[in-house]
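Residue numbers (our numbering): 17 to 998. Idealized CB from N, CA, C, for every residue including glycine. Computed from a prediction, not measured in an experiment: that's the story for all the values here. In what follows, a single structure is set out as structure tokens and then discussed.
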Ligand SMILES: [Zn+2]
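What follows is the structure, encoded as structure tokens:
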């Protein structure tokens, strides 16, 4: 036979596009619309346009499927989400269906049809490329109409065409996915070629035998799970997300009525909570769909949070608040973590997920790795403490699949576990900005259940998939440690004010719960459950994977900054209500302290007036307890030479350019700064990644560098006896940087208090610390522990980690001596060695241009510090104390701490009253060093029974107690939640 394959393929494509699809609606009449008419433009950016559409179904259409069809001015070159979308309601205001470019029609019954369309003019924002968008803020978005109403019709759907369309599409997509040599491919080619010549109904008959041929027994099985990824804020503000949820969720419950086999997995308790509040009718329909099995709540988290940056307790609360909402509101015990889109996953997850009742973990994002390919799609993921969780990474490489032949073939071919596993999961449905599954996808799934040449497609829930996958592959390989995403490394640093707001919120929440619990137990003060709940939920929302990473539009980040201001004052109010105001000192850190405190009102003891108007005084407080100010009786700190600060513990030498030339530890005589090098050297690099400005830091940024090694001024502004400070001022052509290098009496920490007016563009600012230690690895704090990462680039995996993240500290050391760097609000850092010294560089600020063209511009204040002569324990302690300064309060909570632990390796992360409002005290603690530990946890109140509990505070087993104390034995990094009944 002559080879005419490509010509025939083109003929089939033309038939589908030009004859079949246009014939879908056999007859149509225009709907009357008012006030907006077809042809009118509409929609200033972010505005809502409501119009009514009415008409009468002609009598001759009786018995046929009639649809209302709209074109709001859709852009078919783009996905749904970042463009016009709408909600269609009945005249009583009940949501019927959402509209987007690929879901433009809804079934109607008559004879009279009256619909209300609520259309949203969401602007078309491109985030991956370009120079940023003026559409990202109401202030700059302008007033130009973005869209034009092109169509509002009543139409009859031709059922033969509808079905033939999907027959042809499924077969033709399969044909293209099959090898050219395959007989099946040619069989389909010839049949489709003949089909073009036939009337539609006869075409269906011709194709029926091809569609009924069974798949090979050994074919890969794809478990298709309906899904709609809805970013809780991103290229739209939170207020629009609530409406996106309404549109998408309405689509899903309506679709399940047409296609009862639909199973839709939906994460993010926050999104359900929004609907419960704003759209109770839709919420009820969701509850019904959950009962019917069409709708499956998944993930057990409050939002799909960033996978790296949330603090330990916050990540625990993501799981607690999410799981509990699903349990209380929907009666569903979620059994897995669903995080397709977060930018890397902390090695603390396996343990936290299991402690929240999760049996499985789903991620998708690692398919974005730029360097290495994760070797497994189904595996056991092992965290820092050794806990393993069964994990799947869908080989379809998309969480917005459409069930096309190409996607299915890719998933089957890509699947790394071939020969030992037979199945993978495919999340299908339009997403990012919502949308969800469509009728077209459901029609495809029906045809792909068992079709020769194609992977088998079966719609089922994630739990079902994970049960089966685990049963057939119980000895799946193990991946140990973090799942580092080899891209989006700029998200550890972008939008610094948002990140600072989060870190400060986490510290204040710790204070607020501890002191509110202390006040409740000691004084009988009512515990502010409602206030704390509301504040926690706001903090958790802003940890969403486009807010905390700094990858949203200007609107979102300006709103987040405002939210954090409100959260901080709300938490300050809770702390004041519990602990009062006065001359005692609150210590929320898990260690006893005796140190200089900086306060803004005159202290009750002799203090030192500082150059910034604040006061330094001396204080003492026990771990998790309340202490007070003391007369200063320690070795003073003084400038002993020009910019040489000495407090008897360390001597810091700063040169005439404000660079740190020496930090010498008296006890060991060791020097922290590498010979001839300068510490706290600020460095600027051009930082304009090839794409994804707010997200990416390209490896090439390191090639060009500008050292800020000269200062405008260097002066000694405070000279002891409690605090000595050298103030350094630097300028670029645009930015002004003021740093106070501060040493306090009795402290081994050199603090750098920074105030920057940042006006750079596409530039990253680093603070370099060349350290006189040869470290082969760095210990970086993560949630409930730390990870060790190599400082070299031996393998492609090591090299790809050229930018890393940490929470409150990083620690480098040699045997017996080390150095910690602590931060109060930044996360990014890099580390390298030259064979003699180790350089740690903290990433302080970026200034990406997209999606927020003003990102990071303006004023920033933050602190970091160098702690020489630090072992790992010192680093952990310094991380806590640096983030949790002693805080003045009244002395009404004085006395023994509510809870104390006799082993410093065992660290308390939270003290609170139980969420069930029973009055029980909850204590969450963990082994922090990576070793075995025994500890006695003592309560300073009568304990009737002590239980070990899960993260949700549900008791698992009663513990043997000694009076009001319990003895614990912990594995490395083990987290324990104690429930102490009073
Ligand atoms: Zn996302």
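Check: residue i C-beta below 8 Å from any heavy atom of ligand 1
{"i": "residue 250", "result": "yes"}
{"i": "residue 247", "result": "yes"}
{"i": "residue 256", "result": "no"}
{"i": "residue 320", "result": "yes"}
{"i": "residue 662", "result": "no"}
{"i": "residue 773", "result": "no"}
{"i": "residue 393", "result": "no"}
{"i": "residue 558", "result": "no"}
{"i": "residue 704", "result": "no"}
{"i": "residue 561", "result": "yes"}
{"i": "residue 448", "result": "yes"}
{"i": "residue 357", "result": "yes"}
Bridge partner(s) assigned by DSSP for residue i
{"i": "residue 103", "result": "114, 134"}
{"i": "residue 122", "result": "84"}
{"i": "residue 702", "result": "779"}
{"i": "residue 631", "result": "615, 625"}
{"i": "residue 361", "result": "499"}
{"i": "residue 770", "result": "755, 878"}
{"i": "residue 173", "result": "41"}
{"i": "residue 55", "result": "DSSP, once it has assigned bridges, lists no residue as partnering residue 55."}
{"i": "residue 350", "result": "Paired residue(s): none; residue 350 is not in a bridge."}
{"i": "residue 655", "result": "661"}
{"i": "residue 787", "result": "689, 854"}
{"i": "residue 472", "result": "237"}
{"i": "residue 978", "result": "981"}
{"i": "residue 994", "result": "939, 964"}
{"i": "residue 802", "result": "797"}
{"i": "residue 645", "result": "635"}
{"i": "residue 67", "result": "133"}
{"i": "residue 813", "result": "Beta-bridge pairing links residue 813 to no other residue."}
Whether residue i touches residue j by CB criterion (9 Å)
{"i": "residue 42", "j": "residue 174", "result": "yes"}
{"i": "residue 975", "j": "residue 955", "result": "no"}
{"i": "residue 561", "j": "residue 412", "result": "no"}
{"i": "residue 1000", "j": "residue 111", "result": "This structure gives no information on residue 1000, because the portion of the chain shown stretches from 17 to 998."}
{"i": "residue 660", "j": "residue 633", "result": "no"}
{"i": "residue 420", "j": "residue 799", "result": "no"}
{"i": "residue 351", "j": "residue 316", "result": "yes"}
{"i": "residue 104", "j": "residue 86", "result": "yes"}
{"i": "residue 392", "j": "residue 432", "result": "yes"}
{"i": "residue 470", "j": "residue 84", "result": "no"}
{"i": "residue 605", "j": "residue 896", "result": "yes"}
{"i": "residue 325", "j": "residue 518", "result": "yes"}
{"i": "residue 1027", "j": "residue 725", "result": "Limits of the chain in this structure are 17 at one end and 998 at the other, which puts residue 1027 out of reach."}
Closer than 9 Å to chain D by CB, residue i
{"i": "residue 119", "result": "Reference to chain D is not applicable here, since this structure consists of a single protein chain."}
Inset, instruction - Decide yes or no for the touch test of the segment 595–602 against the segment 907–919: beta carbon pairs closer than 8 Å, at least 3 of them. - result: yes
Inset, instruction - Pair every Cβ in the segment 847–858 with every Cβ in the segment 474–487, then say whether three or more of these pairs are closer than 8 Å. - result: no
Inset, instruction - Enumerate, from N- to C-terminal direction, the unbroken alpha helix (DSSP H) stretches of 4 or more residues contained entirely within the segment 384–450. - result: 421–430
Inset, instruction - Flag this pair as touching only if the segment 580–591 and the segment 149–166 have three or more C-beta atom pairs under 8 Å; answer yes or no. - result: no
Legend entry - Contiguous beta strand (DSSP E) assignments of at least 3 residues, all confined to the segment 832–875: 833–839, 844–849, 854–861
Inset, instruction - Counting only runs of 4+ residues fully inside the segment 202–227, write out the alpha helix (DSSP H) ranges in chain order. - result: 216–227
Legend entry - 4 or more residues per run - each alpha helix (DSSP H) lying fully within the segment 873–933: 888–899
Legend entry - At least 3 beta-carbon pairs within less than 8 Å: the segment 506–514 vs the segment 703–717: yes
Legend entry - At least 3 beta-carbon pairs within less than 8 Å: the segment 867–879 vs the segment 712–725: no
Inset, instruction - Pair every Cβ in the segment 168–182 with every Cβ in the segment 139–155, then say whether three or more of these pairs are closer than 8 Å. - result: no
Legend entry - Inter-stretch contact (C-beta, 8 Å, three-pair minimum) for the segment 346–357 and the segment 769–789: no
Inset, instruction - Decide if the segment 380–389 is in contact with the segment 470–482; the criterion is three or more beta carbon pairs, one per stretch, under 8 Å apart. - result: no
Legend entry - Length at least 4, wholly inside the segment 214–295: the alpha helix (DSSP H) runs in chain order: 216–227, 254–274, 285–294
Inset, instruction - Mind listing, in chain order, the continuous alpha helix (DSSP H) runs of no fewer than 4 residues lying wholly within the segment 486–551? - result: 512–539
Legend entry - Any 3 or more C-beta pairs closer than 8 Å across the segment 839–849 and the segment 817–828: yes
Inset, instruction - Give, in chain order, every unbroken run of the alpha helix (DSSP H) that is at least 4 residues long and sits entirely within the segment 566–613. - result: 570–595
Inset, instruction - Evaluate the contact criterion for the segment 292–311 versus the segment 539–553: three or more CB pairs, one atom per stretch, below 8 Å. - result: no
Inset, instruction - For the segment 760–767 and the segment 288–300, state whether three or more C-beta atom pairs, one from each stretch, are separated by less than 8 Å. - result: no
Inset, instruction - Specify whether the segment 107–122 and the segment 148–158 touch according to this definition: at least 3 beta carbon pairs, one from each stretch, less than 8 Å apart. - result: no
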